[in-house]
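Sequence lines, in order, name chains D and H. Each residue of the first sequence is one higher than the one before, starting from 1 at the first, in our numbering. Each residue of the second sequence is one higher than the one before, starting from 202 at the first, in our numbering. For glycine and all other residues, C-beta sits at the position ideal for the given N, C-alpha and C. Note that the structure is predicted; figures quoted are calculated from it, not measured.
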Amino acid sequence: MKKIMNQGEITKLINVPGKVRGQVFITDIEYLKNKVGEKGITLLKKKIKEWGDLFDYEKIETMEWYPVGLRVLSLLAIKETFNWGDKEIFDMGNSAPKYSFIVKLLMKYFLSTQKTFKESPKYWEKHYNVGELESIELNEKEKYGILRLKNFKIHPILCTYYRGYFLRFAQYVIKSDKITIKETKCMFNGSPYHEFLIKWE
Amino acid sequence: MADEKLNLIKEELNRAKEDLGDLEMYIKEFSSFLPLAVCTVNPIEIIININQVFQALTGYDSLEINGEHLAKIFLEKEKIKNLLNLTRKRGKVRTKELVLILKDRKEIPVNVSVSIRKDRDGNFIGYFLALFDITEIKKFREELEGKVKIRTKELEDSRKALINMLEDVEEAREKTEEEKNKTLAVITNLADGLLVFDATNNLSIVNPQAEEFFKVKSKDLIDKSILELTKIPEFSPLVRILGKEIKEIYRRELTVRKDLTLEMSTVSLIREKEKLGTLIILHNITREKLVEKMKTEFVSLSAHQLRTPLSSIKWALKMLLDGDIGKITEEQRDFIKKTYQSNERMIALINDLLDVTRIEEGKYLYNPVFTQIENIIQSVINYYQREIKRKKIKFEFKKAQKKFPKLKIDVEKMKVAIGNLLDNAIRYTQVGGTVTFFLDCVKNKVEFSIHDTGIGISIDQQERIFTKFFRGANAVQMETEGTGLGLYIAKNIIEAHNGKIWFKSNPKKGTTFYFNLPVEKEFEEFLKKF
Numbered sequence: 001m002k003k004i005m006n007q008g009e010i011t012k013l014i015n016v017p018g019k020v021r022g023q024v025f026i027t028d029i030e031y032l033k034n035k036v037g038e039k040g041i042t043l044l045k046k047k048i049k050e051w052g053d054l055f056d057y058e059k060i061e062t063m064e065w066y067p068v069g070l071r072v073l074s075l076l077a078i079k080e081t082f083n084w085g086d087k088e089i090f091d092m093g094n095s096a097p098k099y100s101f102i103v104k105l106l107m108k109y110f111l112s113t114q115k116t117f118k119e120s121p122k123y124w125e126k127h128y129n130v131g132e133l134e135s136i137e138l139n140e141k142e143k144y145g146i147l148r149l150k151n152f153k154i155h156p157i158l159c160t161y162y163r164g165y166f167l168r169f170a171q172y173v174i175k176s177d178k179i180t181i182k183e184t185k186c187m188f189n190g191s192p193y194h195e196f197l198i199k200w201e
Numbered sequence: 202m203a204d205e206k207l208n209l210i211k212e213e214l215n216r217a218k219e220d221l222g223d224l225e226m227y228i229k230e231f232s233s234f235l236p237l238a239v240c241t242v243n244p245i246e247i248i249i250n251i252n253q254v255f256q257a258l259t260g261y262d263s264l265e266i267n268g269e270h271l272a273k274i275f276l277e278k279e280k281i282k283n284l285l286n287l288t289r290k291r292g293k294v295r296t297k298e299l300v301l302i303l304k305d306r307k308e309i310p311v312n313v314s315v316s317i318r319k320d321r322d323g324n325f326i327g328y329f330l331a332l333f334d335i336t337e338i339k340k341f342r343e344e345l346e347g348k349v350k351i352r353t354k355e356l357e358d359s360r361k362a363l364i365n366m367l368e369d370v371e372e373a374r375e376k377t378e379e380e381k382n383k384t385l386a387v388i389t390n391l392a393d394g395l396l397v398f399d400a401t402n403n404l405s406i407v408n409p410q411a412e413e414f415f416k417v418k419s420k421d422l423i424d425k426s427i428l429e430l431t432k433i434p435e436f437s438p439l440v441r442i443l444g445k446e447i448k449e450i451y452r453r454e455l456t457v458r459k460d461l462t463l464e465m466s467t468v469s470l471i472r473e474k475e476k477l478g479t480l481i482i483l484h485n486i487t488r489e490k491l492v493e494k495m496k497t498e499f500v501s502l503s504a505h506q507l508r509t510p511l512s513s514i515k516w517a518l519k520m521l522l523d524g525d526i527g528k529i530t531e532e533q534r535d536f537i538k539k540t541y542q543s544n545e546r547m548i549a550l551i552n553d554l555l556d557v558t559r560i561e562e563g564k565y566l567y568n569p570v571f572t573q574i575e576n577i578i579q580s581v582i583n584y585y586q587r588e589i590k591r592k593k594i595k596f597e598f599k600k601a602q603k604k605f606p607k608l609k610i611d612v613e614k615m616k617v618a619i620g621n622l623l624d625n626a627i628r629y630t631q632v633g634g635t636v637t638f639f640l641d642c643v644k645n646k647v648e649f650s651i652h653d654t655g656i657g658i659s660i661d662q663q664e665r666i667f668t669k670f671f672r673g674a675n676a677v678q679m680e681t682e683g684t685g686l687g688l689y690i691a692k693n694i695i696e697a698h699n700g701k702i703w704f705k706s707n708p709k710k711g712t713t714f715y716f717n718l719p720v721e722k723e724f725e726e727f728l729k730k731f
């Protein structure tokens, strides 16, 4: 198991301002149940304990607010425990809407490409109290759309996770087998915001 | 104040969060409890949620199937599309059968019910699909259908067989009906009268001719027993002859009344050894009897008329031969003698004819007396002694060594009968042949037989031997003289004595005539007088 975190980094992340709904942790566990089973979850819980008993997945409540840093730590713990790369984190993000109770509640926004893009800020608001998600452009004729995430520079792992996550949004509303997503702008690369270009054929 | 308001909002928020948590829990519990496979589909037909039963049914977990197009899991892509379109129009569609493709590519039949989802504002936001596995039901149904099909085929086969049988039966019935109608037509239109008695001797059919004969109506007679028929006067003579057991009768005369004589025969109706009844055939012989009577009367009259001149001729010739009228030459004597013999034969023929007419008129009455039969036989033999000697015939009278009872017979008639038989035996036996007369008494019958080694009777003529005027061809060839009435008269005499006559003959080897006569006890005869 490759160590990617130290205590200093953990503490720093815990103290990042902003909150996230408990749903994200529950989605993580639901996904892992399928991917690694109960044994894997036990290992993950052990990792979280190693990192200072940060939280207990069992006690997380869907609609409760938790420090946004814990969201990042959950993903990092998963990555370290299971030695996952970006691909796995991307897939996890892509699958998250399938498990999310909040996403299911928000399904009324996933009616069309246009509606989905338009209502995407609401989605963000339901999950985070930091950062803003904006729909910058949707060109159905040219078959592309751009989502922008502002004021949300917490950890690059979330860039990978949300690439998968936003792709699922598109997959829910666009009838195409060939849909791609690319983070064209990233705050960790010096851009003032994150931008995701979604294209389809 | 602001703090209080903030606290109230926080409390309200916490309550809302708790309610939402409870709701989520409830939805999860409900979803896991639901025994039906359910999935949520968005407007562009992407699966966005499934329950545990759906997972168990399809083999797909949420990760695998959420986000996939609904058509992926159905074999009939067009059908599911049409089903969703129909649901959009109607709001819900229940139980449409489709084929579901499972994760392991196995295909199973499912009943699909679809309902549309709406948001609070009534906007369409997708579908709920419920799937029900009908593999077992379908299998059961198919098995049932198979069984029904087989059973139906069996029933159809049975029906066909039954129809064939019914057709055969109908055909047979029609044939039987046709035969019955034919038979009835024959019975109805038959010139003879017919009576049919069933197995229990109850009268079942009386044809119109029989009704006419007896002047009765069929409806008054049907189902009456033979005993009941005795009470009907018209039937008394018939029943007397038939007896209560309806005995076998062949061509028996029945005089119903003065102007109606019937010839009656019975025929047993037998099928597969089972007696079904008796048929009585009544043939009207009144006309034949009348013609016969007229013939007989004519012959009788003619014979009587002929006999008188023949007697005169006889006596005239006798006087000439005896020389009462004067002397005649030898040549004249010879001629007169031949004429005399011819006249004698003529007289004999006339006598025979008269006997026959008497027999036929029923006037051949005899005067029976108890007589020792051996004496009668001996007197007849004596009469033929000269002829026996002339033909050098070895004659023997073989009589059983026992005492013979007296027979009640008309002596003269019996002499005629025995004489006719003995005459034939001598006449048709060549010179030097043998004639033997046997006499025996067995039980209550005296048995006679006359055996000769004569010319015999050819087989093809044997059955006509007792008929009037019949003479065998070989007999005519051997003896030109003869009336052909001897055996006819003999038979009638013997039968008039309640006897029976028959014969056995081998052409060119000889003939034996047998007859018997019943023994009647004199004492019983004596009692009858009282």
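Exercise. Going straight from the alpha carbon of H/Ile471 to that of H/Val397, what length do you get?
Worked result: C-alpha separation (whole angstroms): 13 Å.
For this session: Output yes if chain D places a C-beta closer than 7 Å to the C-beta of H/Ser314; else output no.
Result: Taking Cβ atoms only, chain D never reaches closer than 7 Å to H/Ser314, which makes this a no.
Exercise. Would you call the CB atoms of H/Val647 and H/Leu718 closer than 7 Å?
Worked result: For H/Val647 and H/Leu718, yes; Cβs fall inside 7 Å.
Exercise. Which class does H/Arg321 belong to by DSSP, given the choice of helix, strand or coil?
Worked result: DSSP places H/Arg321 in coil when its eight states are reduced to three.
Problem set entry | Burial state of H/Val387, where buried means 16 or more other Cβ atoms lie within 10 Å | With fewer than 16 neighbouring CB atoms inside 10 Å of its own CB, H/Val387 falls in the exposed class.
Problem set entry | Residues near D/Asp86 in its chain [Cβ-Cβ closer than 7 Å; skip 5 each side] | Same-chain partners within the cutoff: Thr160.
Problem set entry | Residues of its chain near D/Asp56, where Cβ-Cβ distance is below 6 Å and the 5 sequence neighbours each way are ignored | Counting only residues of its own chain and dropping the five nearest sequence neighbours on each side, D/Asp56 has no CB closer than 6 Å to any other CB.
For this session: Taking 7 Å as the cut-off, decide whether the C-beta atoms of H/Ile695 and H/Ala618 are in contact.
Result: Contact flag set, yes.
Exercise. Taking 7 Å as the CB-CB limit, is H/Pro236 close to chain D?
Worked result: No, its Cβ sits nowhere closer than 7 Å to a Cβ of chain D.
Exercise. Counting only beta-carbon atoms, is D/Glu38 nearer than 7 Å to chain H?
Worked result: Interface annotation, D/Glu38: not in contact with chain H, CB-CB separation never under 7 Å.
For this session: Return the first residue and the last residue of the beta strand (DSSP E) that H/Pro434 is part of.
Result: Run containing H/Pro434: none; DSSP gives neither H nor E here.
Exercise. What residues from the stretch 258–269 of chain H come within 9 Å of chain D, judged by C-beta to C-beta, listed N to C?
Worked result: Answer set for the stretch 258–269 of chain H: Asp262, Ser263, Leu264, Glu265, Ile266, Asn267, Gly268.
Exercise. At what residue ranges does the stretch 202–257 of chain H contain a whole run of the beta strand (DSSP E), taking only runs of 3 or more?
Worked result: Entirely contained in the stretch 202–257 of chain H, the beta strand (DSSP E) runs reaching 3 residues are, in chain order, 238–242, 248–251.
Problem set entry | H/His698, DSSP secondary structure in three states | In the three-state reduction of the DSSP assignment, H/His698 falls in the coil class, being assigned neither a helical nor a strand state.
Exercise. Would a C-beta distance cut-off of 7 Å place H/Trp703 and H/Tyr715 closer than the cut-off?
Worked result: Going by C-beta atoms, H/Trp703 is nearer than 7 Å to H/Tyr715.
For this session: Mind listing the chain D neighbours of H/Pro310? Cutoff is C-beta to C-beta under 8 Å, in chain order.
Result: By Cβ distance, chain D contributes nothing, its closest Cβ being about 27 Å from H/Pro310, past 8 Å.
Problem set entry | D/Ala77, buried or exposed, once every other Cβ within 10 Å from all chains shown has been counted against 16 | D/Ala77 comes out buried.
Problem set entry | Sheet register partners of H/Leu332 (DSSP bridge) | Within the DSSP secondary-structure output, H/Leu332 pairs in a beta bridge with H/Ala238, H/Val313.
Exercise. Skipping 5 residues on each side, what residues in its chain have a beta carbon closer than 7 Å to that of H/Phe756?
Worked result: Within the shown structure, residues of chain H are numbered from 202 to 731, placing residue 756 of chain H beyond reach of any answer.
Exercise. From this set, D/Leu106, D/Tyr128, D/Lys175, D/Leu147, which residue's C-alpha is nearest D/Gly18's C-alpha?
Worked result: Closest by alpha carbon: D/Tyr128.
Problem set entry | Rounded Cβ spacing between H/Thr713 and H/Ser659 (contact assumed at less than 8 Å) | The pair is not a contact, with the Cβ atoms about 16 Å apart (cut-off 8 Å).
Exercise. When you compare each of H/Lys445, H/Thr401, H/Ile442 to H/Asp424 by their alpha carbons, which one comes out closest?
Worked result: Put simply, of H/Lys445, H/Thr401, H/Ile442 the residue whose alpha carbon is nearest the alpha carbon of H/Asp424 is H/Thr401.
Problem set entry | Beta-carbon spacing of D/Thr27, D/Tyr99 below 7 Å | Taking 7 Å as the cut-off, the Cβ atoms of D/Thr27 and D/Tyr99 count as close.
For this session: May I ask you to list, following chain order, the residues of the stretch 283–302 of chain H that have a beta carbon less than 9 Å from some beta carbon of chain D?
Result: Under the 9 Å Cβ criterion, the stretch 283–302 of chain H contributes no residue.
Problem set entry | Extent of the continuous beta strand (DSSP E) to which H/Gly711 belongs | Boundaries of the beta strand (DSSP E) around H/Gly711: 711–719.
For this session: Could you pull out every unbroken alpha helix (DSSP H) segment of at least 4 residues lying fully inside the stretch 351–435 of chain H, listed in chain order?
Result: Within the stretch 351–435 of chain H, the complete alpha helix (DSSP H) segments at least 4 residues long are 409–415, 419–422, 427–430, listed from N- to C-terminus.
For this session: Could you tell me whether any Cβ in chain H is nearer than 7 Å to the Cβ of D/Met63?
Result: The beta carbon of D/Met63 sits closer than 7 Å to some beta carbon of chain H.
Exercise. Taking only beta-carbon atoms, is H/Asn250 less than 7 Å away from chain B?
Worked result: Absent from the structure: chain B. Protein chains present are D and H.
Exercise. Where does H/Asn576 fall in DSSP's three states?
Worked result: Assigned with DSSP and collapsed to three states, H/Asn576 falls in helix.
Problem set entry | Among D/Glu142, D/Phe166, D/Glu183, D/Ile89, the one whose alpha carbon lies nearest that of D/Ile157 | Answer by Cα proximity: D/Ile89.
For this session: Could you tell me whether the Cβ of D/Phe169 comes closer than 7 Å to any Cβ of chain H?
Result: Against chain H, the CB of D/Phe169 has no partner CB under 7 Å away; the residue lies outside that interface.
Exercise. DSSP on H/Ile529, reduced to helix/strand/coil?
Worked result: Coil at H/Ile529, not helix or strand.
Exercise. Which residues bound the alpha helix (DSSP H) around D/Gly37?
Worked result: Where D/Gly37 is concerned, the enclosing alpha helix (DSSP H) stretches over 37–50.
For this session: Note the first and the last residue of the continuous alpha helix (DSSP H) segment covering H/Gly478.
Result: DSSP places H/Gly478 outside any alpha helix (DSSP H); the residue lies instead in the beta strand (DSSP E), whose first and last residues are 475–485.
For this session: Give the single residue among H/Ala272, H/Lys319, H/Asn675, H/Gln253 whose Cα lies nearest to the Cα of H/Ser263.
Result: Cα-wise, what sits closest to H/Ser263 is H/Gln253.
For this session: Kindly identify the DSSP beta-bridge partner or partners of H/Cys642.
Result: Under DSSP, H/Cys642 forms a beta bridge with H/Val647.
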